[in-house]
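FYI, in our numbering the residues of the sequence shown are 27 to 136.
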Amino acid sequence: MLGMLERRMDSATNIKSSVRKVLAEVLRASKASPASIHRSLMQFADRGAAKTIVRTNFDLLLEGAAAKRSSQAIQSYALGEIPRRGRHEAFSGVLHIHGALNAIRPEPRI
Numbered sequence: 027m028l029g030m031l032e033r034r035m036d037s038a039t040n041i042k043s044s045v046r047k048v049l050a051e052v053l054r055a056s057k058a059s060p061a062s063i064h065r066s067l068m069q070f071a072d073r074g075a076a077k078t079i080v081r082t083n084f085d086l087l088l089e090g091a092a093a094k095r096s097s098q099a100i101q102s103y104a105l106g107e108i109p110r111r112g113r114h115e116a117f118s119g120v121l122h123i124h125g126a127l128n129a130i131r132p133e134p135r136i
């Protein structure tokens, strides 16, 4: 849906996506913190039950839950950053298949 909106609103102009800019602003304004489901999923993964978690959300709440559980950061990937399985046998982490918001970058990784 966001891709269709972006094509409709931004296709006639040659500027950066206004849809992505607004989306990033809205997500950053949220004061959401990891909920019990995020903490439970990371606890489950810590027990060796999961090496990879695939998400469709843009937020980094799973990464936040993991940071609170351990001093070691969990790997987080979005779209073009996702490694190919055959070349990275030891791959593990959180895959954001639709993109992810990053606190440092001005726009989400989409």
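Don't be surprised by glycine CBs; every beta carbon is placed ideally from N, CA and C. Bear in mind the structure is a predicted one, so any value in this text is a computation, not a measurement.
Setting aside the 5 residues that flank it on each side, R95 is surrounded in the same chain by R65, M68, Q69 and D72, each with a C-beta closer than 8 Å to its C-beta; the list follows chain order. For G90, the enclosing alpha helix (DSSP H) starts and ends at L87 to R95. Distance check between G74 and each of K57, S118, I63 and L31 places S118 closest, using alpha-carbon atoms only.
With fewer than 16 other Cβ atoms inside 10 Å of its own Cβ, G29 counts as exposed. In this structure, the beta-carbon distance from V45 to E32 falls below 8 Å. Within its own chain, the residues whose Cβ lies closer than 6 Å to the Cβ of L88, once the five positions on either side in sequence are excluded, are H64 and V120, listed in chain order. Between the alpha carbons of S62 and R34 lies a gap of roughly 38 Å.
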